[in-house]
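Enquirer: Chains as they are written, first to last, in the numbering used here: chain A, 9 to 211; chain B, 9 to 211. For glycine and all other residues, C-beta sits at the position ideal for the given N, C-alpha and C. Every value quoted in this text rests on a predicted model; they were computed, and no experiment measured them.
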DNA sequence: GTTGCGCTTAACCAACCAGTCAACTAAACT
DNA sequence: AGTTTAGTTGACTGGTTGGTTAAGCGCAAC
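What follows is the structure, given as structure tokens:
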């Protein structure tokens with residue numbers, strides 16, 4: 009297991025940042041290199057192409073977020089609390105980026121996935137893969153919630169997809185309206201979907 | 009009220025088609041001109057810029073779809089039936105494009121809006137405006153459903169946003185997974201959100 | 001101390017980009 | 001017939017694109 013080089017990591021982080029805040033199509037390899045303070049040649053030494061960089065940046069970003077997701081969705085936490093904490097996290101994440109960049113930037117995986125999935129199969133597959141990974145967290149939490157009787161029986165995978173799509177759709181709409189207030193009804197919608205009441209109202 | 013010229017309309021249709029199937033960033037003015045069989049000069053005679061064309065293409069596409077939406081959401085139709093018909097229409101629309109182009113292309117307003125809303129304020133505002141128009145149909149149907157008692161009381165505007173975001177999120181996810189099967193749970197999720205049962209199960 | 005290797009440097013490329021423009025056409029108005 | 005107007009044409013610009021390449025650097029192994 010060789011460690012990723014500094015240059016490579018700097019490119020991955022810079023690329024995700026730049027593309028997240030703008031779009032894949034509007035960010036050039038030169039832009040990324042300039043911001044990362046890396047030469048073009050080094051870029052193409054580290055990555056075969058711009059698309060390959062995007063795929064690697066996806067994976068890198070996922071790996072950075074994963075410990076937090078593992079914690080949020082830990083089976084040590086009551087299943088509905090997991091869902092609630094995930095909602096809070098998703099909103100917090102958007103607001104943090106909003107304050108840093110001044111604009112609502114949405115979910116990078118969805119935005120870039122949606123931009124490129126009809127054009128670049130490699131990127132589409134990666135976006136799909138990451139979506140599936142996230143849905144696993146959700147379906148596991150939902151399965152546990154059903155098992156303990158806190159939500160009605162139903163297909164956990166299907167419910168997870170409904171929740172996932174709702175969250176991604178809401179975040180996208182918040183981006184399009186560039187309005188953080190829209191995120192306020194994220195949790196409400198999620199609990200509508202799983203037909204349970206937020207924990208605060210339960211306890 | 010002057011009629012829009014043939015050239016202008018051909019450019020509007022071609023541009024929407026091309027950008028819908030690919031992305032704004034990957035489609036050049038030359039691409040649009042070639043496909044529409046129009047010269048570059050005529051393009052810039054008809055539109056100030058590529059971005060202005062995109063905005064006009066949005067409006068044009070909306071106007072083409074509007075009669076159908078007016079029919080679907082007519083107050084002559086029972087409110088839950090309106091929702092159900094809208095779900096069916098949204099799915100049918102995606103499948104039609106899927107069969108014509110061979111790929112799931114998602115919602116053009118959302119895809120393009122999401123791609124460009126951090127970069128081009130003009131396009132962002134138009135995408136927002138069209139989203140608001142569509143949510144009006146939904147909130148009106150939901151308000152009527154509450155009035156007739158077929159769904160529980162709640163803020164119609166907020167519920168409409170939840171439904172809207174869910175639908176857009178699901179369609180985006182179907183695009184990212186390039187899998188029409190995902191659309192199958194569209195209706196179920198919508199009726200989860202409004203906490204009503206599909207009409208078939210009611211009657 | 002020199003050889004080999006991982007990595008960086010900066011110049012370079014052809015294709016392409018959005019946008020411009022002066023010349024042109026064809027029909028409508030006077 | 002002459003002039004205005006609305007629209008068309010395609011060559012052109014200057015800058016940018018993703019990607020390439022040959023030369024060079026620093027350092028560890030021998």
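Around the C-beta of residue 84 (chain A), are 16 or more other C-beta atoms found within 10 angstroms, so that it is buried, or is it exposed?
Expert: Mapped onto the first chain, residue 84 (chain A) falls at position 76. It counts as exposed.
Enquirer: Would residue 65 (chain A) pass as an interface residue toward chain B - the criterion being a Cβ-Cβ separation below 9 Å?
Expert: Along the first chain, read from residue 1 onward, the residue named residue 65 (chain A) stands at position 57. No - not a single Cβ of chain B is within 9 Å of the one on residue 65 (chain A).
Enquirer: Any beta carbon of chain B sitting closer than 9 Å to that of residue 208 (chain A)?
Expert: Within the first chain, residue 208 (chain A) is the residue found at index 200, counting from 1. Caution is warranted here: a pLDDT of 46 is assigned to residue 208 (chain A), below 50, making its placement in the model unreliable, and the coordinate value is therefore given only provisionally. Judged by the 9 Å Cβ criterion, residue 208 (chain A) is not in contact with chain B.
Enquirer: At a CB-CB cut-off below 7 Å, which residues of chain A make contact with residue 195 (chain B)?
Expert: The residue labelled residue 195 (chain B) in the question sits at position 187 within the second chain. Going along chain A, no residue has its Cβ under 7 Å from residue 195 (chain B), so there is no contact; the nearest lies around 11 Å.
Enquirer: Would you please state the rounded distance, in angstroms, between the beta carbons of residue 200 (chain B) and residue 200 (chain A)? I believe it to be under 8 Å.
Expert: The sequence position of residue 200 (chain B) within the second chain is 192, counting from 1. The sequence position of residue 200 (chain A) within the first chain is 192, counting from 1. That belief holds up - the Cβ atoms of residue 200 (chain B) and residue 200 (chain A) are roughly 7 Å apart, short of 8 Å.
Enquirer: If we define contact as Cβ-Cβ less than 9 Å, is residue 122 (chain A) a contact residue for chain B?
Expert: Residue numbering aside, residue 122 (chain A) sits at position 114 when the first chain is read from its first letter. Yes, its Cβ sits closer than 9 Å to a Cβ of chain B.
Enquirer: Determine whether the Cβ of residue 16 (chain A) lies closer than 9 Å to any Cβ atom of chain B.
Expert: Taking the first residue of the first chain as position 1, residue 16 (chain A) is located at position 8. By this cut-off, residue 16 (chain A) is not an interface position.
Enquirer: Can you give me the Cβ contacts of residue 61 (chain A) inside the same chain, cut-off strictly under 7 Å, excluding the 5 residues immediately before and after it?
Expert: Looking up residue 61 (chain A) in the first chain gives position 53. Correct list, in chain order: 19, 23, 55.
Enquirer: Tell me the DSSP secondary structure of residue 21 (chain B) in three-state form.
Expert: Locating residue 21 (chain B) in the second chain gives position 13, where the first residue counts as 1. Residue state, collapsed to three classes: helix.
Enquirer: For the segment 161-184 of chain A, which residues have a beta carbon sitting closer than 8 Å to at least one beta carbon of chain B?
Expert: Answer set for the segment 161-184 of chain A: 166, 169, 170, 172, 173, 174, 175, 176, 177, 178, 180, 181, 183, 184.
Enquirer: Can you have a look at residue 48 (chain A) and say buried or exposed, based on whether 16 or more other CB atoms are within 10 angstroms of its CB?
Expert: Stepping through the first chain from its first residue, residue 48 (chain A) is reached at position 40. Burial call: exposed.
Enquirer: If you measure beta-carbon to beta-carbon, which residues of the segment 101-121 of chain A are closer than 7 Å to chain B?
Expert: Residues 111, 113, 114, 118, 119, 121.
Enquirer: Among the residues of its own chain, which have a CB less than 7 Å from the CB of residue 90 (chain B), if the five just before and after it don't count?
Expert: Along the second chain, one-based indexing puts residue 90 (chain B) at 82. 80, 81, 149, listed in sequence order.
Enquirer: Please name the residue in B:59, B:184, B:15, B:198 whose C-alpha comes closest to that of residue 129 (chain A).
Expert: Here residue 129 (chain A) corresponds to residue number 121 of the first chain, with the count starting at 1. Of the listed residues, the one whose Cα sits closest to residue 129 (chain A) is B:184.
Enquirer: With a threshold of 16 other CB atoms inside 10 Å of the CB of residue 186 (chain B), please say whether the residue is buried or exposed.
Expert: Position 178 of the second chain, counting from 1, holds the residue named residue 186 (chain B). Residue 186 (chain B) is buried by the Cβ-count criterion.
Enquirer: Taking the alpha helix (DSSP H) that residue 38 (chain A) falls in, what are its first and last residues?
Expert: Residue mapping note: residue 38 (chain A) aligns to position 30 of the first chain, counting from 1. Unbroken alpha helix (DSSP H) run through residue 38 (chain A): 37-44.
Enquirer: Is residue 161 (chain A) helix, strand or coil by DSSP?
Expert: Here residue 161 (chain A) refers to the residue found at position 153 when the first chain is read from its first residue. Here residue 161 (chain A) sits in coil by DSSP.
Enquirer: Note down, in chain order, every chain B residue with its Cβ under 7 Å from the Cβ of residue 200 (chain A).
Expert: By 1-based counting over the first chain, the position of residue 200 (chain A) is 192. By Cβ distance, chain B contributes 170, 200, 201, 203.
Enquirer: Whose CA, out of A:33, A:137, A:27, lies closest to the CA of residue 43 (chain A)?
Expert: Position 35 of the first chain, counted from the first residue, corresponds to residue 43 (chain A). For residue 43 (chain A), the nearest C-alpha among the options comes from A:27.
Enquirer: Short of 7 Å in beta carbon distance, which residues of its chain neighbour residue 174 (chain B), apart from the five on each side in sequence? Order them along the chain.
Expert: As a first step, residue 174 (chain B) is located in the second chain; it is residue number 166 there, counting from the start. Once the five neighbours on either side are set aside, the close Cβ partners of residue 174 (chain B) are 197, 198, 201.
Enquirer: Using three-state DSSP, classify residue 49 (chain A) as helix, strand or coil.
Expert: As a working note, residue 49 (chain A) is residue 41 in the first chain. If DSSP states are grouped into helix, strand and coil, residue 49 (chain A) belongs with the helices.
Enquirer: In chain A, what lies closer than 7 Å to residue 94 (chain B) by C-beta?
Expert: Taking the second chain and counting its residues from 1, one reaches residue 94 (chain B) at position 86. What residue 94 (chain B) touches in chain A: nothing, since even the nearest Cβ is about 15 Å away.
Enquirer: What residue range does the alpha helix (DSSP H) around residue 231 (chain B) cover?
Expert: Residue 231 (chain B) is absent from the structure shown; chain B starts at 9 and stops at 211.
Enquirer: Output yes if chain A places a C-beta closer than 9 Å to the C-beta of residue 159 (chain B); else output no.
Expert: In the second chain, the residue the question calls residue 159 (chain B) occupies position 151. Not closer than 9 Å to any Cβ of chain A, the Cβ of residue 159 (chain B) fails to qualify, so no.
Enquirer: According to DSSP, simplified to helix, strand and coil, what is residue 12 (chain A)?
Expert: Looking up residue 12 (chain A) in the first chain gives position 4. Residue state, collapsed to three classes: coil.
Enquirer: Apply the 10 Å Cβ neighbour rule to residue 134 (chain A) and answer buried if 16 or more other Cβ atoms are within range, or exposed otherwise.
Expert: Numbered from its first residue, the first chain carries residue 134 (chain A) at position 126. It is buried - the Cβ of residue 134 (chain A) has at least 16 other Cβ atoms within 10 Å.
Enquirer: How many angstroms separate the CA atom of residue 96 (chain B) from the CA atom of residue 164 (chain A)?
Expert: Locating residue 96 (chain B) in the second chain gives position 88, where the first residue counts as 1. Locating residue 164 (chain A) in the first chain gives position 156, where the first residue counts as 1. Using only the alpha carbons, I get a separation of about 24 Å.
Enquirer: Is the CB of residue 57 (chain B) under 9 Å away from at least one CB in chain A?
Expert: Mapped onto the second chain, residue 57 (chain B) falls at position 49. No - not a single Cβ of chain A is within 9 Å of the one on residue 57 (chain B).
Enquirer: Counting only the same chain and skipping the five closest in sequence on each side, list residues whose C-beta sits under 6 Å from that of residue 104 (chain B).
Expert: For this step, residue 104 (chain B) is matched to residue 96 along the second chain. Counting only Cβ-Cβ distances below 6 Å, and skipping sequence neighbours, we find nothing.
Enquirer: Is the beta carbon of residue 121 (chain A) closer than 9 Å to that of residue 136 (chain A)?
Expert: Within the first chain, the letter at position 128 stands for residue 136 (chain A). Within the first chain, the letter at position 113 stands for residue 121 (chain A). Yes, Cβ-Cβ distance for residue 136 (chain A) and residue 121 (chain A) is below 9 Å.
Enquirer: Would you say residue 154 (chain B) faces chain A, with C-beta separation under 9 Å as the test?
Expert: Sequence index remark: in the second chain, residue 154 (chain B) carries index 146 (1-based). Cβ-Cβ to chain A under 9 Å: no for residue 154 (chain B).
Enquirer: Which residues in the same chain as residue 180 (chain A) place their Cβ atom closer than 7 Å to its Cβ, once the five residues preceding and following it in sequence are excluded?
Expert: What you label residue 180 (chain A) is simply residue 172 of the first chain in a count that begins at 1. Excluding positions up to five away in sequence, the list reads 114, 118.
Enquirer: The segment 19-53 of chain A: which residues have C-beta closer than 8 Å to a C-beta of chain B, in chain order?
Expert: Cβ contacts with chain B come from 29, 30, 31, 32, 33, 34.
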